[in-house]
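Undergrad: Have a look at this one before I ask anything.
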Amino acid sequence: MPLTIEYLGHSGFIIKSAGGTLVIDPFLTGNPLATRKPDQIKCDHIAITHGHGDHIGDSVAIAKANNATVIACWEICEFMGEHSVETNPGNPGGKVKTPFGWIAFTQAFHSSSYEGRYMGQPCGIVAHFEAENATIYHLGDTGLFSDLRLIGELYNPDIACIPVGDRFTMGPELGRMAAEMIKPRIAIPIHWKTFPLLAQDITPFRPAEVEVWAMAPGDTKTYG
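The numbers in our numbering rise by one with no breaks, and the one at position 53 of the sequence shown is 56.
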């Protein structure tokens, strides 16, 4: 079966594979563009890129409702454990196995705190789905850095989810450069338009030789 990729808005996704369902950064409550409520999310695993509220989002409630495992850096997993959530921790350079394949943690240049608490190293995540032989690189929140090229060479992602909202992450011009460094088949712009402080127009995000999926919240695509 092909992967089914639903955009939840902001930086969130539901990815359905033959090996299970992965949710990434499920920020729904408080997201003015969200098309789903937390109790509508069904999943086996939740990956969290870093500790800000617009990425942790509804992870605790969704994990408890689904008996889902949270995959994140050590400090976020400690926090989740305090809320009786099952976890599978890692950090940049490492990889964890999952029923659908594996998740690797990469560097990201950002910050990470939640309710005044330090939440560890912000990460990008690379999710590989074995049944579909497909790899998705979600950059999390980050600025541009030269090792994006190395990450592209190491993991050869089919799809890259790239923040382009400016101010707190790359804007569309630097996001375009990131896509051209990573060289995925498909790039999905994320972390934009949700709030007035973020870029509302990402016309410059036109990477060469990369297909762009400019998804609206609630949109679903298939891959593979």
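Note that beta-carbon positions come from the ideal geometry of N, C-alpha and C, so glycine has one too.
Keep in mind it's a predicted model, so treat the numbers as computed, not measured.
In whole angstroms, what is the alpha-carbon distance linking ALA238 and ARG170?
TA: Given that the chain is displayed from residue 4 to residue 227, the structure contains no residue 238 and the question cannot be resolved.
Undergrad: Of the choices MET4, GLU135, LEU142, whose alpha-carbon is the least far from that of ILE51?
TA: Comparing Cα-Cα distances from ILE51 to each of MET4, GLU135, LEU142, the minimum goes to LEU142.
Undergrad: With PHE82 as the anchor, note down where its alpha helix (DSSP H) starts and where it stops.
TA: Segment 77-85, the alpha helix (DSSP H) holding PHE82.
Undergrad: For CYS46, tell me which candidate among HIS55, VAL73, GLY56, ASN34 has the shortest Cα-Cα distance.
TA: It is VAL73 whose Cα lies nearest to the Cα of CYS46.
Undergrad: Beta carbon of ILE205, beta carbon of PRO160: below 7 Å?
TA: Contact: no.
Undergrad: Between the segment 9-23 and the segment 183-199, are three or more C-beta pairs nearer than 8 Å?
TA: Touching, yes.
Undergrad: Our contact map puts ALA71 next to HIS86 with C-beta atoms below 8 Å; I'd like the distance itself, whole angstroms only.
TA: Not quite, the Cβ-Cβ distance comes to about 13 Å (not below 8 Å), so this is no contact.
Undergrad: By DSSP, does PRO41 sit in helix, in strand, or in coil?
TA: Helix at PRO41.
Undergrad: Check ASN69 in the structure and name its three-state DSSP category.
TA: Residue state, collapsed to three classes: helix.
Undergrad: Contact between the segment 97-107 and the segment 128-146 is defined here as three or more beta-carbon pairs at a separation below 8 Å; is this criterion met?
TA: Cβ pair count under 8 Å is three or more, so yes.
Undergrad: On the criterion of 16 or more Cβ atoms from any shown chain inside 10 Å, does PRO29 qualify as buried, or is it exposed?
TA: Flag for PRO29 reads buried.
Undergrad: So does the segment 138-154 actually touch the segment 113-128, counting three or more Cβ pairs closer than 8 Å?
TA: With the cut-off at 8 Å, the segment 138-154 and the segment 113-128 touch.
Undergrad: At 4 residues or longer, and completely inside the segment 122-209: list those alpha helix (DSSP H) runs for me, N to C.
TA: Runs found: 151-158, 175-185.
Undergrad: Helix, strand or coil: which one does DSSP assign to VAL26?
TA: It is a strand residue.
Undergrad: Hey, GLY60 and ALA137: beta-carbon distance below 7 Å or not?
TA: It is not a contact, given that the beta carbons lie outside the stated cut-off.
Undergrad: Give every residue of the same chain whose Cβ lies closer than 7 Å to the Cβ of GLY155, excluding the five residues on either side of it in the sequence, and list them in chain order.
TA: Closer than 7 Å at Cβ, skipping near neighbours: MET184, ILE185, LYS186.
Undergrad: What separation, rounded to the nearest whole angstrom, lies between the Cα atoms of HIS55 and GLN124?
TA: Approximately 12 Å between the Cα atoms of the pair.
Undergrad: Among the residues of its own chain, which have a CB less than 6 Å from the CB of LEU200, if the five just before and after it don't count?
TA: Answer for LEU200: ARG170, listed in chain order.
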